[in-house]
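Numbering (this note's numbering), first residue to last: 42 to 673.
What follows is a single structure, written as structure tokens, with notes after it.
Right under this line is the structure:
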């Protein structure tokens, strides 16, 4: 049923809402239902579910939905890749269902499965995802200020500069506080106590002790090596990780009657000195060591590092663990004022955009050209590449080879030229100021290389638009539907129904039945999209996009639900042959109503071909309608 259509059901009007409700219902139904969802949050392009039982999710059905690019499983998350509309879909789901979001759940988001490295990447992803938007915005302000002061458009002594500088510096200076709150959510502990612990590290009294990094003071006779923690990454995360272990033990021994003040009191007394004396210095040392290692590799073998990152970044995106690299880049910016990894990643981003342009030039199908062009825009302007990766590169395979080669070549070039990013941003044309400096020219050359080489290779290698991958072949099979009878009884053509709304096919094409029992069955595997309040009509939607209406009797809306019963609700998945509605056939006929039941496809604008198979006597096991949807 199309979102903007009005349907006459008996004497009533039903207006189906547009927005993202239908997609949200199907997603929830195919992740195993709302009761199978522990929690949900989203990043830039993905819904990240934490499910009670992953086996209850229907990955095939999800991947075939219009609006879903792909599904990535593993490491405690069930990721549904949406693309640019992810925040709208997330908000719709949260409004429609009682699901815990990342800010509501007290459960840990820390991955509990997978190898150590993968779990670490996913943990970092959970911590940094919520604050990426603030980092990117503040980073662009800092980059713009560099340009304004370099070209003497704004003096750095003016109040205007200082106010704007405060806006750009705030996130980076107070980064440990942002990380404390986000890490508390990831590790499932009190965010306000976590914030208090880390805030102590940048409190004026503590900062006043530091004249030089490495100075030693005393805490109850124990020597303390002083460090500056503003802008650091690892100390805050380590501190809250340790605190998460402590809090669970404290809750076991502190009586509930005094927990309100005792938990925070004991936590602060233990964690602040422990962080200052042990955790903080270890974190700073680890961060500095990591940065030194990256710079060493970049200096000794920049070509190799750039080749690996430029070529391999796309595969981290596919696995959904690419956000785990963010802490390394942010740590580099904090320690050195620049980062060499982000330009290498930009090579992969612009290589993806090049794939879209190559497909646009080479493709003969209008639909593919339109998709390529529409997916290239968010890649070039916002650095969002998932639509290209899943919709073109993986789908046709050869473009993935093209972008891997192009990303590797361009990444190696930029690494060899020691190209730098001066702030954290998503690599895109709109964020060019973030790479401004003495290596800016190399950056421009590098992203042009990535885009042009990828586009050229995609065009030269070509791709078979008619050759479907295994997943696409399955999808095409699903686009060709064979529907069973929804009634046991007699079958008649739709034109013979004693209601002009149906017989004129104003509601859609299909067939009709005269029932010999009071049971309505599902004609196909689908999701319940709508149940009329009086239960005399129900709407289903299949994974291929077919929208099906079944209407029991003529004008039976006047019965106001009397004699009708169902246990289903909107969003429930149903199987072919499953009982949908039970109705009192004798009562319907006894009150003078025509029991003729209609089965029709309502979104005929999406149907290529529909063939009723008229038979006299039918059961729920008989095929009565063949439908070919658009795209088959």
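A virtual CB, placed ideally from N, CA and C, is assigned to each residue, including glycine.
Which of the three DSSP states is assigned to residue i in this structure?
i           : result
residue 523 : strand
residue 98  : coil
residue 479 : coil
residue 592 : strand
residue 566 : coil
residue 472 : helix
residue 305 : helix
residue 111 : strand
residue 614 : strand
residue 654 : coil
residue 638 : strand
residue 491 : helix
residue 659 : strand
residue 601 : coil
residue 632 : coil
residue 675 : Since the first and last residues shown for the chain are 42 and 673, residue 675 lies out of range.
residue 559 : coil
residue 648 : strand
residue 530 : strand
residue 346 : helix
residue 582 : strand
residue 587 : coil
For the alpha helix (DSSP H) containing residue i, list its first residue and its last residue.
i           : result
residue 178 : 173-191
residue 538 : Segment: none, residue 538 is in no alpha helix (DSSP H) and carries neither H nor E.
residue 447 : 439-457
residue 621 : Note, residue 621: premise wrong, no alpha helix (DSSP H); beta strand (DSSP E) at 620-624.
residue 66  : 62-71
residue 670 : Counting along the chain, residue 670 falls outside any alpha helix (DSSP H), though it belongs to the beta strand (DSSP E) covering 664-670.
residue 136 : 127-137
residue 204 : 200-214
Between the C-alpha atoms of residue i and residue j, what's the straight-line distance to the nearest angstrom?
i           : j           : result
residue 374 : residue 382 : 10 Å
residue 166 : residue 363 : 8 Å
residue 599 : residue 577 : 10 Å
residue 204 : residue 468 : 26 Å
residue 651 : residue 527 : 17 Å
residue 231 : residue 162 : 23 Å
residue 248 : residue 254 : 11 Å
residue 668 : residue 567 : 14 Å
residue 133 : residue 620 : 29 Å
residue 608 : residue 622 : 8 Å
residue 51  : residue 626 : Residue placement at residue 51 is flagged as unreliable, the pLDDT there being 34, under the threshold of 50; the coordinate-derived value follows with that caveat. So the two alpha carbons sit approximately 17 Å from each other.
residue 97  : residue 74  : 9 Å
residue 108 : residue 379 : 37 Å
residue 282 : residue 389 : 33 Å
residue 106 : residue 671 : 13 Å
residue 426 : residue 187 : 28 Å
residue 45  : residue 175 : The predicted position of residue 45 is uncertain, since its pLDDT is 33 and thus under 50; a value taken from the coordinates is nonetheless stated next. Whole-angstrom Cα-Cα distance: 37 Å.
residue 84  : residue 525 : 41 Å
residue 492 : residue 592 : 54 Å
residue 200 : residue 215 : 21 Å
residue 147 : residue 533 : With a pLDDT of 44 at residue 147, under the threshold of 50, the modelled position of that residue is not reliable, and the figure given next carries that caveat. Their backbone Cα atoms lie some 57 Å apart in a straight line.
residue 112 : residue 417 : 21 Å
residue 472 : residue 121 : 27 Å
residue 606 : residue 614 : 18 Å
residue 486 : residue 69  : 45 Å
residue 82  : residue 483 : 38 Å
In terms of residue numbering, what span does the beta strand (DSSP E) encompassing residue i cover?
i           : result
residue 551 : 550-556
residue 79  : 78-83
residue 11  : Outside the shown range of the chain, which is 42 to 673, sits residue 11, and nothing can be said about it.
residue 121 : 118-122
residue 576 : Premise fails: residue 576 is in no beta strand (DSSP E) and is neither H nor E.
### Query
Counting only runs that start and end within the region 370-429, where is the alpha helix (DSSP H) found for 4 or more residues in a row?
Listed in chain order, they are 382-403 and 407-423.
### Query
Does the count of Cβ pairs from the region 311-325 and the region 259-278 closer than 8 Å reach three?
Enough Cβ pairs lie closer than 8 Å, so yes.
### Query
Considering only residues of the region 219-294, which uninterrupted alpha helix (DSSP H) runs meet the minimum length of 4 residues and lie entirely inside it, listed in chain order?
If we require 4 residues or more, the alpha helix (DSSP H) runs fully inside the region 219-294 come out as 232-240, 245-249 and 275-294.
### Query
Counting pairs of beta carbons, one from the region 401-410 and one from the region 444-464, are three or more of them closer than 8 Å?
The answer is no - the region 444-464 does not touch the region 401-410, with fewer than three Cβ pairs under 8 Å.
### Query
Contact between the region 292-300 and the region 270-277: three or more CB pairs below 8 Å?
As far as the Cβ criterion goes, the region 292-300 does not touch the region 270-277, which means the pair count is below three.
### Query
Between the region 639-647 and the region 551-571, do at least 3 Cβ pairs fall closer than 8 Å?
Between the region 639-647 and the region 551-571, the count of C-beta pairs closer than 8 Å reaches three or more; the two stretches touch.
### Message
Assess contact between the region 328-348 and the region 124-141, defined as three or more Cβ pairs (one per stretch) separated by less than 8 Å. Is contact present?
### Response
No contact exists between the region 328-348 and the region 124-141.
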